[in-house]
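Novice: Residue numbers (the numbering used here): 785 to 1200.
The beta-carbon is built from N, C-alpha and C at its ideal position, and this holds for glycine as well.
1. When burial is assigned at 16 or more other CB atoms within 10 Å of the CB, is residue 1032 buried or exposed?
2. Going by DSSP in three states, residue 915 sits in which element: helix, strand or coil?
3. Tell me the rounded alpha-carbon separation between residue 813 and residue 964.
4. How should residue 832 be labelled, buried or exposed, when 16 other C-beta atoms within 10 angstroms of its C-beta is the threshold for buried?
5. Compute the Euclidean distance between the alpha carbons of residue 1133 and residue 1116, then round it to the nearest angstrom.
6. Going by CA-CA distance only, name the one from 1024, 847 and 1121 that's closest to residue 827.
7. Straight-line CA distance for residue 1124 to residue 1113?
8. With H, G and I counted as helix, E and B as strand and the rest as coil, what does DSSP make of residue 956?
9. Should residue 945 be listed as close to the ligand HEM, given that the test is whether its C-beta is under 8 angstroms from any heavy atom?
10. If you measure between the beta carbons of residue 830 and residue 824, is that distance less than 9 angstroms?
11. For the beta strand (DSSP E) that contains residue 818, what are its first and last residues?
12. Going along the chain, which unbroken runs of the beta strand (DSSP E) with 3 or more residues stay wholly within the region 1010 to 1094?
13. How would you label residue 917, buried or exposed, when you count the other beta carbons within 10 angstroms and need 16 or more for buried?
14. Within 10 angstroms of the Cβ of residue 1191, are there 16 or more other Cβ atoms? Answer buried if so, exposed if not.
15. What does the Cβ neighbour count give for residue 1065, buried or exposed, with the cut at 16 atoms within 10 Å?
16. Provide the residue(s) that pair with residue 1167 in DSSP beta bridges, ordered along the chain.
17. Alpha carbon to alpha carbon, how far is residue 1089 from residue 1099? Give it in angstroms, no decimals.
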């Protein structure tokens, strides 16, 4: 048996690692497959597996490379991993040390765009209820863009032509590159902290998706959403739609269109005012014509031609009413007089004085009790005798009782 070299496990793993690293073909490879078992750790390192129908390979992407990802890898996503093949000596297993990751099919920027769009939409950053109204006549407008680009010149030109009363405040930022998102977000925050304007326009001219990518950054989107000042997003050309466009209170197709949407057109306002003036004049002329016709009609009324005619008519009505009242009163008084005469006659017919005038007298006791019968008097009693023209005081001497046939008997006479 030939003598063989004995390796420790560590020595064997190190030798295999060295052999793999010495192979130039394995130090720069691109491996395509489906991502599975994807995990991102707090350390910033990403671990996942690439697999196809028959095999799989473990992959690791350290934090320095993972921070450059523009999208979030997901399980089931087809991707191409770029990197080198090596061995992790502790486990003795080879793995792909990934330095870049690209999705297959759609580009990484497109996937990152769709992922961020879906997440922010789910959080409500695109909701119409959160949109703030754009002021119709802004006095100050903050423009957050590059001071050297064509966009700022277009905004100044269009806004100055349409509404020179608005003051433009330029907040210069970079609109391309890794530093651009932080600068744009900080400019939005600054404009709100210091209330520098009534309206904000942020954007830039057209370019590739990479050029416009800072307006697809989550920091910019959240800064626009947090702004208390209304924001118009004016990025790129008409077909370009960024995340900032969805979050902003109003989207403009271009920077020039952003200026058009931000301020009114003085020519249109002047034309509108002239049209309003014309319609007001027509309405006034129409109203004056109506009032003139009404005034003429009033002037032709009899009450205005002869003001006392109405009073005379009412005076005649009052006289007729007075005559009717007097006639009714006299008729009533006549009826009352006739009733009085009738009642007086009836009363007179029943009056004892009428009886006395025919020769009769009324006998009464001193207390006023009328004697109705001779039996009610007593001999020697004083009585009062009332006649038609006076009264007599008499003493009863005799009392004659009335017998049948009208004759008296057995009585005494009365002395006066």
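Specialist: On the basis of the coordinates in this document:
1. Counting C-beta atoms within 10 angstroms of its own C-beta, residue 1032 has 16 or more neighbours from the protein chains shown and is therefore classed as buried.
2. Reduced to three states, the DSSP call for residue 915 is coil.
3. Distance between the alpha carbons of residue 813 and residue 964 is about 33 angstroms.
4. Note on residue 832: 16 or more other CB atoms within 10 angstroms of its CB, so buried under the neighbour-count rule.
5. Distance between the alpha carbons of residue 1133 and residue 1116: 26 angstroms.
6. Minimum Cα distance to residue 827 is reached at 847.
7. Distance between the alpha carbons of residue 1124 and residue 1113: 16 angstroms.
8. Reduced to three states, the DSSP call for residue 956 is strand.
9. No copy of the ligand HEM occurs in the structure displayed, which carries no ligand at all.
10. Between residue 830 and residue 824, the C-beta gap is smaller than 9 angstroms, which places the two residues in contact.
11. Looking at the DSSP string, the run of the beta strand (DSSP E) that includes residue 818 is 813 to 824.
12. Entirely contained in the region 1010 to 1094, the beta strand (DSSP E) runs reaching 3 residues are, in chain order, 1015 to 1019 and 1034 to 1036.
13. With a 10 Å radius around the Cβ and a threshold of 16 neighbouring Cβ atoms, residue 917 comes out exposed.
14. With a pLDDT of only 49 at residue 1191, under 50, the local geometry of the prediction cannot be trusted, and the value read off the model is given with reservation. Of the residues assessed, residue 1191 falls on the exposed side of the cut-off, its CB having fewer than 16 other CB atoms within 10 angstroms.
15. Burial is judged here by how many other beta carbons sit within 10 angstroms of a residue's own beta carbon; residue 1065 has fewer than 16 and is exposed.
16. Per DSSP, 1178.
17. Cα-Cα distance, rounded: 18 angstroms.
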